[in-house]
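To start, the structure under review is shown below, and the notes come after it.
In this note's numbering, the protein residues as written are 23 to 400.
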């Protein structure tokens, strides 16, 4: 195995929403990506139920960790650290992951890294396309987030340029799918139907694209309402809904705004790379339009494969490995879940004396255990 100072072996735990993800990476090499999803349990409610998600994480956690270790062919004792999503996300779901990470870190005598969910979505691209260029422009699009972020150092410097002011893009997909009676989640089925529809059939609005609007912010609430009213008007007079055309036209309105603003941000900031992540980055039309517009603008596009765009433990492990490699301070035993953790806090460091860098010989694992006991039982 390579020198661990350069290639740390890290396990990552992700429980911010409805998927229990556990990944293991060796530097920027993905060894395991185990996911247990509870999406089917939420489908009958038309959306994610926080309490159901938390219970599912509890039930899946140990088995998913064991599966990841088996898939990676490593022993838990060989790990250099354990990373976990500390936020943002659903408070109860996050708490399950943070508690599990603490337990494993304590039992194994390994350093603990509470990391940011959004920064992890950016860092996961290293597992597929190599080291992130610095700076990197990132467009993160999911059910909970639509953000434009500029990162000069993924472990310490992520600057928000813009974000959604109401519905996130993925949330709009779910709501329109519900209006069209297509089920939950809405993204994949709309993407599939849109391929057979006409994206120019219906002129749906593009939010926040006026000359006086915020250049990098997003708004999809007005679009969602416009689509819903269009459908209701057709139903009111007994007309059949052209579902494929509605799906294609709605999807085009979303990806048009996303890609237009992302390319503009790259030009304005003088950045020649654009990374797209988050669950909606799996959308085929978003990928195609982004590639077309980036190529025209001379911008290199980086998009992870769909399985790495949705929530997963590999992205958390990737950021954790980068924290170890760059000698960032580990978290302490007071680490807690923060459902509104800002993206500017890429990780939650603790007292540097509680967790030395795993490659430092100044303290032994026994010292880590004693420090943990002092904190846990004081």
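Note that the Cβ used here is the ideal one computed from N, Cα and C, for glycine as well.
Asked	Found
To the nearest angstrom, report how far apart residue 114 and residue 79 are at their CA atoms.	10 Å
Tell me which residue opens and which closes the beta strand (DSSP E) that residue 238 is part of.	Premise fails: residue 238 is in no beta strand (DSSP E) and is neither H nor E.
Using the C-alpha atoms, what's the distance from residue 145 back to residue 159?	12 Å
Whole beta strand (DSSP E) runs in the segment 144-229 with 3 or more residues, listed along the chain?	158-163, 168-175 and 179-185
For residue 241, which option in 216, 277, 110 and 214 has the closest C-alpha, if you only look at C-alpha atoms?	277
Using beta-carbon positions only, say whether residue 174 and residue 157 come within less than 9 Å of one another.	yes
Compare the Cα-Cα distances from residue 47 to each of 84, 103 and 261 and report the closest residue.	103
Give the DSSP-derived three-state secondary structure of residue 51 in the structure shown.	strand
Could you give the distance in angstroms between the alpha-carbon of residue 50 and the alpha-carbon of residue 224?	44 Å
Go ahead and label residue 40 buried or exposed: buried means 16 or more other beta carbons lie within 10 angstroms of its beta carbon, across all protein chains shown.	buried
Suppose the cutoff is 6 Å on Cβ atoms and the five residues either side in sequence are ignored; what does the same chain contact list for residue 168 look like?	186, 190, 191 and 240
Measuring straight from C-alpha to C-alpha, what distance separates residue 293 and residue 151?	17 Å
Report yes if the CB atom of residue 226 is closer than 9 Å to the CB atom of residue 274, and no otherwise.	yes
Do you know whose CA, among 279, 65, 53 and 182, lies nearest residue 365's CA?	182
I think residue 154 touches residue 284, with their Cβ atoms under 8 Å apart; what is that distance to the nearest whole Å?	Contact flag wrong, Cβ pair sits at about 16 Å.
For residue 279 and residue 229, what's the separation of their Cα atoms in angstroms?	8 Å
Using only CA atoms, which one of 260, 286, 33 and 208 lies nearest to residue 489?	Past the edges of the chain, shown from 23 to 400, lies residue 489, and the structure says nothing about it.
What did DSSP end up calling residue 107 once you bin it into helix, strand or coil?	strand
Can the beta-carbon of residue 126 be found less than 9 Å from the beta-carbon of residue 369?	no
I'd like to know whether the C-beta atoms of residue 255 and residue 45 end up nearer to each other than 9 Å.	no
Just to confirm the assignment, what range does the beta strand (DSSP E) spanning residue 34 have?	31-36
Any idea which residues DSSP pairs residue 56 with across the strands?	44
So for residue 39, helix, strand or coil by DSSP?	coil
Go to residue 137, then tell me how far its beta strand (DSSP E) extends in each direction, as first and last residue.	134-138
Verify whether the separation of the beta carbon atoms of residue 86 and residue 42 is less than 9 Å.	yes
Just to confirm the assignment, what range does the alpha helix (DSSP H) spanning residue 114 have?	113-130
Determine, using beta-carbon pairs with one atom in the segment 318-331 and one in the segment 213-221, whether at least three such pairs fall under 8 Å.	no
If we ignore side chains and look at the alpha-carbon of each, how far apart do residue 372 and residue 52 end up?	27 Å
Quick check: the Cα distance between residue 69 and residue 206, rounded to an integer number of angstroms?	7 Å
Taking only the alpha-carbon atoms, compute the straight-line gap between residue 355 and residue 130 and give it to the nearest angstrom.	14 Å
DSSP on residue 372, reduced to helix/strand/coil?	coil
Taking just the CA atoms, how far does residue 30 sit from residue 330?	20 Å
Please report the straight-line C-alpha distance between residue 139 and residue 38, rounded to a whole angstrom.	8 Å
Suppose you measure from the CA of residue 91 to the CA of residue 55; what does that come to, to the nearest Å?	10 Å
In whole angstroms, what separates the C-alpha of residue 36 from that of residue 117?	11 Å
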